[in-house]
Amino acid sequence: MESLKAQEGGEEQVKCVWVHGPIIVGAGPSGLAVAACLSHHGVPYVILERTNCITSLWQHRTYDRLKLHLPKHFCELPLIPFPLHFPKYPSNSYASRFNIRPRFNQSVQTAQFDPCSQLWVVKTNGFQYISPWLVVATGENAEPVVPSISGMDKFRGPIVHTSVYKSGSDYKNQRVLVIGCGNSGMEVSLDLCRHNANPYMVARNTVHVLPMEMFGFSTFGIAMALLKWLPIKLVDKLVLAAARLMLGDTARYGVRRPKTGPIELKLVTGKTPVLDVGQVAQIRSGNIKVMEGVKEITRNGAKFMDGQEKEFSAIILATGYKSNVPTWLKSCESFTKDGMPKTPFPMGWKGENGLYTVGFTRRGLLGTASDAVKIAKDIADQWMTVKDRSYCNSHIIFLKST
Ligand SMILES: Cc1cc2nc3c(=O)[nH]c(=O)nc-3n(C[C@H](O)[C@H](O)[C@H](O)COP(=O)(O)OP(=O)(O)OC[C@H]3O[C@@H](n4cnc5c(N)ncnc54)[C@H](O)[C@@H]3O)c2cc1C
660 MESLKAQEGG
670 EEQVKCVWVH
680 GPIIVGAGPS
690 GLAVAACLSH
700 HGVPYVILER
710 TNCITSLWQH
720 RTYDRLKLHL
730 PKHFCELPLI
740 PFPLHFPKYP
750 SNSYASRFNI
760 RPRFNQSVQT
770 AQFDPCSQLW
780 VVKTNGFQYI
790 SPWLVVATGE
800 NAEPVVPSIS
810 GMDKFRGPIV
820 HTSVYKSGSD
830 YKNQRVLVIG
840 CGNSGMEVSL
850 DLCRHNANPY
860 MVARNTVHVL
870 PMEMFGFSTF
880 GIAMALLKWL
890 PIKLVDKLVL
900 AAARLMLGDT
910 ARYGVRRPKT
920 GPIELKLVTG
930 KTPVLDVGQV
940 AQIRSGNIKV
950 MEGVKEITRN
960 GAKFMDGQEK
970 EFSAIILATG
980 YKSNVPTWLK
990 SCESFTKDGM
1000 PKTPFPMGWK
1010 GENGLYTVGF
1020 TRRGLLGTAS
1030 DAVKIAKDIA
1040 DQWMTVKDRS
1050 YCNSHIIFLK
1060 ST
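Going by this note's numbering, the first residue of the sequence shown is number 660, and it counts up by one from there.
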């Protein structure tokens, strides 16, 4: 395989690859989980990954202080639980345990179903992969969302997205504007405080902030346990009462709560509550200043909706991420224009014509695990009915160049 080159004799040649099994796009936790479950059923596959490593989001696009916020049993992938002393990136040991070897530097440019042959044709730089099954595992967070705010081009300091933010040590003694008050915005603001920077956090939207733990147990774990016995609205009331007791009324400090409760909001819209790991104390003490929406960026800072104007040395965009599926999956009715499956959880994992989606449930790794098990079983059932597959030892066959 290594000897095959996409460039031959100076002329670009596209290698055509018949994949004996499904093509999985993306080697994040979702792609790895499907691969492991397929191996478990004895089904071969190919994973295509645009970067040069597995779990690239976790390895390249996270800030230094980021840790899993949920107890690890809510973040486990199928087939093996995390060991007691699990490593920093548990997915690395997961990949080696199941001998998962993605094809790296294979950015999928287009994927399209060919109705004549009933096959998926997936194109990367230099290769064309063909298979009856396509598993979309490129994630809900494939690309950073960069808003366009009036005057951004005039600002004389750096404007960076949280995907490239590493540590507050770069901003020591600086006044920094953090735009966004979700988990990333709050954590970056906290990190800036801990490095003696002076963060101003813009909280334009409402957000639920919950203690990470209540009475020594994970808040998320408690809510999930209560949900087995109580209606969701009552669980939300209890969680909010405890949150108020522990954190006070966050609206007093500019962080307003949505009308819908945190667990209902998470399950219905996927909007994750912020788990407090020290941010609220910093907001209360005035170390993180909460601002209303930004009206305009100026050369030296920003003007706010309430009429204030401040100078800043840097701006950090904690404005989230989006799916990139619409940019590469062509002529497909299964996804919305935002790149999310049209059919909601728990049925969104299966599309038409051998198309599958994993990790688009807005339920984090718990949703991934549920999708992966179903997808592998469904493909394995079809795989078993394919009679003559003994003609080849490899699951990849290179066809004549096109
Ligand atoms: C800052 C941050 C913190 C988070 N914290 C948590 C948490 O505590 N718990 C939790 O459950 N979830 C958390 N999440 C959600 C996170 O998205 C999931 O944990 C997990 O990374 C999702 O896995 P995935 O495989 O679906 O997507 P990703 O991890 O995004 O993996 C998708 C892979 O697809 C590749 N890819 C994308 N496009 C292409 C293409 N065109 N061709 C080839 N490859 C492509 C990417 O390079 C990437 O490797 C967090 C997300 C962020 C951004």
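Cβ coordinates follow ideal geometry from the N, Cα and C atoms, glycine included.
- Residue environment for Trp888: exposed (fewer than 16 other C-beta atoms within 10 angstroms of its C-beta).
- In terms of Cβ geometry, Ser982 and Glu799 form a close pair [threshold 7 angstroms].
- Taking a contact as a CB-CB distance under 8 angstroms, the pair Trp1008 and Thr1016 counts as one, their CB atoms being some 6 angstroms apart.
- For Gln938, the three-state secondary structure derived from DSSP is helix.
- Secondary structure in the stretch 880–967: the beta strand (DSSP E) runs of 3 residues or longer, each lying completely within the stretch, are 933–935, 948–950, 953–956 and 960–963 in chain order.
- Taking all protein chains shown into account, His867 has 16 or more neighbouring C-beta atoms within 10 Å of its C-beta and is therefore buried.
- The C-alpha of Pro817 is placed about 29 angstroms away from the C-alpha of Lys930.
- Distance from Val933 to Met845 at the Cβ level is roughly 5 angstroms; contact confirmed, criterion being Cβ atoms closer than 8 angstroms.
- Here Arg815 has Arg958 and Asn959 as same chain residues with Cβ atoms under 7 angstroms from its own Cβ, once five neighbours each way along the sequence are excluded.
- Among the bridge pairs identified by DSSP, Val804 is matched with none.
- Spanning the alpha carbons of Val823 and Val835 requires a straight line of approximately 15 angstroms.
- The three-state reading of DSSP puts Trp987 in helix, counting H, G and I together.
- The beta-carbon distance between Pro791 and Gly1010, rounded to whole angstroms, is 13 angstroms. This is too long to meet the 8 angstroms contact definition.
- Look at Arg709: its beta carbon is less than 6 angstroms from one of the heavy atoms in ligand 1.
- The DSSP-derived three-state label of Ser828 is helix.
- Counting the other Cβ atoms within 10 Å of the Cβ of Arg1022 gives 16 or more, which makes it buried.
- In this structure, DSSP gives Asp773 an extended state, which the three-state scheme calls strand.
- Taking all protein chains in view, the Cβ of Leu1024 is crowded by 16 or more other Cβ atoms within 10 Å, so the residue is classified as buried.
- Taking one beta carbon from each stretch, the stretch 757–774 and the stretch 983–994 have 3 or more pairs nearer than 8 angstroms; the two touch.
- Straight through space, the alpha carbons of Gly687 and Val939 are spaced by roughly 32 angstroms.
- Scanning the stretch 978–1025 for uninterrupted beta strand (DSSP E) segments of 3 residues or longer gives 1014–1016, listed from N- to C-terminal end.
- With respect to Gly839, Ala977 sits close: the two C-beta atoms are nearer than 7 angstroms.
- For Gln718, the enclosing alpha helix (DSSP H) begins and ends at Ser715 to His719.
- Taking 7 angstroms as the cut-off, the Cβ atoms of Leu793 and Ile682 count as close.
- Remark: C-beta atoms of Tyr788 and Val795 do not approach each other more closely than 7 angstroms.
- Ligand 1 approaches Leu716 closely enough that one of its heavy atoms is under 6 angstroms from the residue's Cβ.
- Per DSSP, reduced to three states, the secondary structure at Ser766 is coil, with no helix or strand assignment.
- By alpha-carbon distance to Lys896, the top candidate from Val914, Lys918, Gly680 and Asp1037 is Lys918.
- Membership of Val673 in any beta strand (DSSP E) is not indicated, and neither H nor E is assigned to it by DSSP.
- The same chain holds no residue with a CB closer than 8 angstroms to that of Asp1040 once the five nearest residues on each side in sequence are set aside.
- Between the stretch 856–875 and the stretch 903–923 there are three or more inter-stretch CB-CB distances shorter than 8 angstroms, so the stretches are counted as touching.
- For the options Asp997, Gly785 and Val953, the alpha carbon positioned closest to that of Val861 is the one of Val953.
- Residue environment: Val676 is assigned as buried (16 or more neighbouring CB atoms within 10 Å of its CB, all protein chains considered).
- Excluding five sequence positions before and after Gly841, the CB atoms of its chain that fall closer than 7 angstroms to its own CB belong to Val866, Val933, Ala977 and Gly979, given in chain order.
- Going by DSSP, Asn842 is part of the alpha helix (DSSP H) stretching over Asn842 to Arg853.
- Boundaries of the beta strand (DSSP E) harbouring Ser790: Phe786 to Ser790, taken from the DSSP string.
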